[in-house]
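Working notes, structure below.
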Amino acid sequence: MSNVQTNNYKYGYKDFMINFINKRTVEQEAGFLIPYLRDDIKLLDCGCGPGSITVGFGKYIKNGEIFAIDIEPSQLELTKKLANEEGITNIHLEKADICDLPFKDNTFDIVFSHAFLTHIPNYRKAIQEMKRVLKPGGIIAARDPAFKDVVIYPDTSEIINAWNFRLKMLSSAGADFSIGKKLRSILSEEGFSDVVASGTATIRGNKKELDYYIDFIIGELSESTYITTALANGTITEEEIQEYKNIWTKFRNNPGAFVGIIYCQVIGYKSE
Ligand SMILES: C[S@@+](CC[C@H](N)C(=O)[O-])C[C@H]1O[C@@H](n2cnc3c(N)ncnc32)[C@H](O)[C@@H]1O
Numbered sequence: 022m023s024n025v026q027t028n029n030y031k032y033g034y035k036d037f038m039i040n041f042i043n044k045r046t047v048e049q050e051a052g053f054l055i056p057y058l059r060d061d062i063k064l065l066d067c068g069c070g071p072g073s074i075t076v077g078f079g080k081y082i083k084n085g086e087i088f089a090i091d092i093e094p095s096q097l098e099l100t101k102k103l104a105n106e107e108g109i110t111n112i113h114l115e116k117a118d119i120c121d122l123p124f125k126d127n128t129f130d131i132v133f134s135h136a137f138l139t140h141i142p143n144y145r146k147a148i149q150e151m152k153r154v155l156k157p158g159g160i161i162a163a164r165d166p167a168f169k170d171v172v173i174y175p176d177t178s179e180i181i182n183a184w185n186f187r188l189k190m191l192s193s194a195g196a197d198f199s200i201g202k203k204l205r206s207i208l209s210e211e212g213f214s215d216v217v218a219s220g221t222a223t224i225r226g227n228k229k230e231l232d233y234y235i236d237f238i239i240g241e242l243s244e245s246t247y248i249t250t251a252l253a254n255g256t257i258t259e260e261e262i263q264e265y266k267n268i269w270t271k272f273r274n275n276p277g278a279f280v281g282i283i284y285c286q287v288i289g290y291k292s293e
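The structure is reproduced here in structure tokens:
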């Protein structure tokens with residue numbers, strides 16, 4: 022196994038990010054997979070992050086085994102802590118790169134990822150690895166946003182510009198922030214069968230939801246890896262960052278503001 026692991030993840034691991042994603046649940050973010058879960062299966066969660074979804078699988082897989090990988094050890098520590106708090110004991114955690122999984126061929130009944138492939142520049146290789154470790158007849162399940170196709174209003178040129186700045190920075194290592202809508206096509210091309218896509222929309226259309234989301238964007242503009250890197254190498258100035266923050270604050274204070282993002286989810290089978 023290669024020891025060279027490159028972490029291209031652009032959000033980083035500061036509190037603004039962890040607090041945003043650790044509210045996720047199996048019911049909300051992986052509800053499309055619930056009908057396929059069985060008590061005794063072996064499931065792999067790829068890029069588990071702080072683990073709220075991973076640990077949530079414990080309610081459905083009581084006699085099976087839940088494996089999770091992440092490239093970042095601090096995320097595995099958070100997942101371990103949460104599993105201990107929730108009393109879930111059948112979770113196995115490993116630091117690993119998705120493009121080089123430390124598992125034998127044909128190991129898992131289900132291989133899952135959430136908000137993950139969108140961050141992986143070499144997502145084809147990642148999906149091929151996910152397929153390799155799936156048992157014949159096993160299920161791949163992935164859910165990712167279609168960020169480029171955001172529904173946003175008021176759609177002024179300054180807000181579109183601020184949105185596109187995020188996308189440009191987040192995808193600067195080659196990640197694809199439109200991958201959600203392409204998942205059915207990509208999985209079919211990668212040889213999965215009976216590939217079914219569906220989706221849900223995350224709508225921020227009231228003060229509470231907008232505050233939550235715009236706080237996250239402002240956190241990103243303050244502390245994400247992409248911002249600290251861009252500041253360090255001089256591709257952005259503090260003044261420009263402040264300008265983006267002002268645009269988002271003005272947007273948040275508009276009583277007609279609306280943001281909608283489609284999360285695309287897909288299920289496919291590895292042929293027997
Ligand atoms: C947006 S978080 C998603 C976490 C979790 N799946 C969720 O939805 O709550 C993406 C995670 O992928 C991990 N990651 C990024 N690149 C990776 C890679 N090449 N291999 C494994 N994990 C990776 C990051 O460390 C991060 O924890």
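Numbers given in my numbering equal positions in the sequence shown, counted from 1, plus 21.
Using N, Cα and C, we set each Cβ at its ideal position, and we do this for glycine too.
Assigned secondary structure, residue i (DSSP; H/G/I helix, E/B strand, else coil)
i, result
"Gly240", "helix"
"Lys291", "coil"
"Phe133", "strand"
"Tyr81", "coil"
"Asp66", "strand"
"Tyr284", "strand"
"Phe53", "helix"
"Ser192", "coil"
"Arg273", "helix"
"Arg59", "coil"
"Lys302", "Past the edges of the chain, shown from 22 to 293, lies residue 302, and the structure says nothing about it."
"Asn24", "Confidence at Asn24 is low in this model, with a pLDDT of 46, below 50, so the placement of that residue should be treated as unreliable; the coordinate-derived value is given next. Residue state, collapsed to three classes: coil."
"Asp121", "coil"
"Lys228", "helix"
"Thr246", "helix"
"Tyr234", "helix"
"Thr258", "coil"
"Thr46", "coil"
"Ile268", "helix"
"Ile141", "coil"
"Thr128", "coil"
"Lys31", "coil"
Bridge partner(s) assigned by DSSP for residue i
i, result
"His113", "Phe88"
"Pro71", "Paired residue(s): none; Pro71 is not in a bridge."
"Ala251", "Answer is none; Ala251 lacks a bridge partner."
"Phe279", "Tyr174"
First and last residue of the uninterrupted beta strand (DSSP E) at residue i
i, result
"Lys156", "155-166"
"Ala218", "214-225"
Boundaries (first-last residue) of the alpha helix (DSSP H) holding residue i
i, result
"Ser206", "200-210"
"Glu93", "From DSSP, Glu93 is part of no alpha helix (DSSP H); its letter is neither H nor E."
"Ile42", "36-42"
Inter-stretch contact at 8 Å, needing at least 3 Cβ pairs: the segment 154-166 / the segment 180-189: With contact defined as three or more Cβ pairs closer than 8 Å, the segment 154-166 and the segment 180-189 are not in contact.
Are at least three pairs of beta-carbons, each pair with one atom in the segment 255-269 and one in the segment 164-176, less than 8 Å apart? no
Three or more beta-carbon pairs under 8 Å between the segment 232-241 and the segment 118-134, yes or no? no
Examine the Cβ distances between the segment 83-94 and the segment 52-64 and report whether three or more of them are shorter than 8 Å. yes
Counting pairs of Cβ atoms below 8 Å between the segment 221-233 and the segment 276-285, do you hit three or more? yes
Should the segment 40-49 be regarded as contacting the segment 64-78, the criterion being three or more beta carbon pairs within less than 8 Å? yes
Cβ contact (3+ pairs, closer than 8 Å) linking the segment 202-210 and the segment 260-272: no
Determine contact between the segment 116-132 and the segment 145-154, defined as no fewer than three beta-carbon pairs at a distance below 8 Å. yes
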